[in-house]
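The working numbering applies: residue 45 is where the sequence shown begins, and numbers increase by one.
Note that CB positions come from ideal geometry on N, CA and C, so glycine has one too.
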Amino acid sequence: MKAIKKITAAFLAVLMIMSISGCSTKPEWSYKVDDNEMQIGVYIYALYTAYNQAATYASSAEGYDAEKSFLNLTITDDDGETAVAKDWIVDTAKELTKNILTIEEEFEARGLTLTAEDEAAAKESADNDWNLGPYYDMYLAYGMMPTPYKDILEPYGVSYESFERASYMASAKQTALFEEIYINDEETAVSTEDLTNYFTENYTSYSYLSVRLADSATDDSGSTTYTAMSDEDIAEIESTLQGYADNINNGAGTFAEQMVEYTALKELESDPSTSAVENLDESSLNEDVVAALNELEEGKASLVKVGEAENAYYYLIYKAPIADSVADYIEDETNSFNVLSAMKSEEFQDMLTAKAEELGIQENTSVVNSYKPSMFE
């Protein structure tokens, strides 16, 4: 299931905002391979992670009531697959826990070790989140105090050792294993040519300027209200933006040059446009804008209207040649790794699932089944 793979990736990539990890004070294990036992706390961590994801799905399910349990509701995941929430949570938690154990086993089987720097960074991050809370500095900057994970997790019998193992240390090992397979191993490494082809075929370089077709008014309390612009004002904006699109399409000016003109026209302090390079399948842009970008030729611009009344916008969109971004995204180490992750993450998760089957992972069924999603309500 793609939804489980997505949660698995998020589960292991740094510490999630909403997660639980730890181990019972009893010497219990949840899953093991030979002598490598996974503490029951790691399963609780996975169970809580899945619980929170299911809560998100349930919030849009039929019959949802924020004041009542959602565990018996039928939820729909990111793949459109349906399941009873409590069953989905358990199934997902089991797969997540097995994935961590599989990563550890494969990591050791390949003779890998973390660098001293990576291990120290993982320990430091785990220690900070455990004792101070995630995003501690950011919270303080806004005059807020984060809650240490220790305070959140200990009521469930969490230990720091299990927290560290299941969060940052698992993430560090996952990254090292991924790099070994797709960068370092000559037999399985992705070539620069293949990575470049994937990038140019799946990514889009674009820029846009959005203009809300509404007038705003702010009252004494600071509350802002919007009312739809007149047809005359909308027509003026349309004419201006369409003129920019025509200039770009006719070779009379670049998108950047049109934005300089617009910034001066509106007496703005900075360029209000947005530029990005991304896979549009994963974009948070308005779906009509995404559709227009997909249809647009490289080097061309167009005008798109979305929404209605006071919520209507004009988007001036421009699609740049993706080849112009190859150097920045393939030759840059960080960007290149991000593209590689997008290219191979699903294959990597499939590999982990297959390895988990091969390992013959043992489940401590009576212990695992004693922890239920309802414990978090």
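key: Limits of the unbroken beta strand (DSSP E) element including Ala28   = Because the chain is modelled from 45 through 421, residue 28 falls outside the range shown and cannot be assessed.
ask   = Does DSSP put Ile361 in a helix, a strand or coil?
value = Correct three-state label for Ile361: strand.
query = Does any CB atom of chain D fall closer than 8 Å to the CB of Ala289?
reply = Protein chains in the displayed structure number just one, and chain D is not present.
request  = Using alpha carbons as the reference points, say which of Lys310, Ala210 and Leu312 lies closest to Tyr92.
outcome  = Closest in C-alpha terms to Tyr92, from the list Lys310, Ala210 and Leu312, comes Ala210.
ask   = Where does Tyr270 sit, in a helix, a strand or coil, going by DSSP?
value = Here Tyr270 sits in strand by DSSP.
key: 4-residue-minimum alpha helix (DSSP H) runs that sit fully inside the stretch 142-197, ordered along the chain   = Taking 4 residues as the minimum length, the alpha helix (DSSP H) runs contained wholly in the stretch 142-197 are 160-175, 180-185 and 193-197, in order along the chain.
request  = Grab the span of the alpha helix (DSSP H) containing Lys399 for me, first residue to last.
outcome  = Unbroken alpha helix (DSSP H) run through Lys399: Glu377 to Leu403.
Exposure of Asn208, with buried meaning 16 or more beta-carbon neighbours within 10 Å = Checking the sequence, you will find Glu at residue 208 rather than Asn. Counting other Cβ atoms within 10 Å of its Cβ, Glu208 reaches 16 or more and is therefore classed as buried.
The stretch 367-376 in contact with the stretch 241-250 per 3-pair CB rule at 8 Å = The stretch 367-376 and the stretch 241-250 touch, with no fewer than 3 CB-CB distances between them shorter than 8 Å.
query = Is Asn355 helix, strand or coil when you go by DSSP?
reply = The answer is helix: DSSP assigns Asn355 an H, G or I state.
inquiry  = Considering only their Cβ atoms, is the gap separating Ala272 from Glu354 smaller than 8 Å?
reply    = At a Cβ-Cβ threshold of 8 Å, Glu354 and Ala272 count as neighbours.
message = Can you tell me which residues form a DSSP beta bridge with Glu322?
response = Per DSSP, Thr248.
ask   = If you run the structure through DSSP and keep just helix, strand and coil, what is Thr232?
value = In the structure shown, Thr232 adopts coil according to DSSP, grouped into three states.
message = Are the CB atoms of Pro365 and Gly343 within a distance shorter than 8 Å?
response = At the C-beta level, Gly343 and Pro365 come within 8 Å of one another.
query = Whole-angstrom Cβ separation of Trp132 and Ile119, contact assumed at under 8 Å?
reply = Yes, they are in contact, since the Cβ atoms of Trp132 and Ile119 sit about 6 Å apart, within 8 Å.
key: Buried or exposed (CB count within 10 angstroms, at least 16 for buried), Lys142   = Lys142 comes out buried.
query = Just to confirm, are Ser254 and Tyr362 a CB contact at a threshold of 8 Å?
reply = No. Outside cutoff.
request  = Have a look at Glu81, Ala98, Ser169 and Glu161 and flag the residue whose alpha-carbon is nearest the alpha-carbon of Thr146.
outcome  = Here the closest residue by C-alpha is Glu81.
task = Would you be able to state if there are at least three C-beta pairs under 8 Å between the stretch 213-228 and the stretch 147-166?
result = Contact between the stretch 147-166 and the stretch 213-228 is present, because at least three Cβ pairs lie under 8 Å.
request  = From the DSSP output, in three-state form, read off Lys310 for me.
outcome  = Looking at Lys310 - three-state DSSP - the assignment turns out to be coil, as it is neither helix nor strand.
task = Would you kindly check if the distance between the Cβ of Ala129 and the Cβ of Ala102 is under 8 Å?
result = A contact, by the Cβ cut-off of 8 Å.
request  = Note the first and the last residue of the continuous alpha helix (DSSP H) segment covering Ser206.
outcome  = Per DSSP, the continuous alpha helix (DSSP H) segment holding Ser206 begins and ends at Tyr204 to Glu208.
query = Buried or exposed: where does Lys416 fall if 16 or more other Cβ atoms within 10 Å of its Cβ makes it buried?
reply = Exposed, because fewer than 16 other Cβ atoms sit within 10 Å of the Cβ of Lys416.
task = Specify the secondary structure class of Glu407 as computed by DSSP and reduced to three states.
result = Three-state result, Glu407: strand.
ask   = Near Val58, what residues of its chain come up, given a Cβ to Cβ distance below 6 Å and the 5 sequence neighbours on each side ignored?
value = For Val58, the pLDDT reaches just 37, beneath the cut-off of 50, and the residue's location in the model is therefore unreliable, although a value from the coordinates is still provided. Cβ within range, chain order: Ser215.
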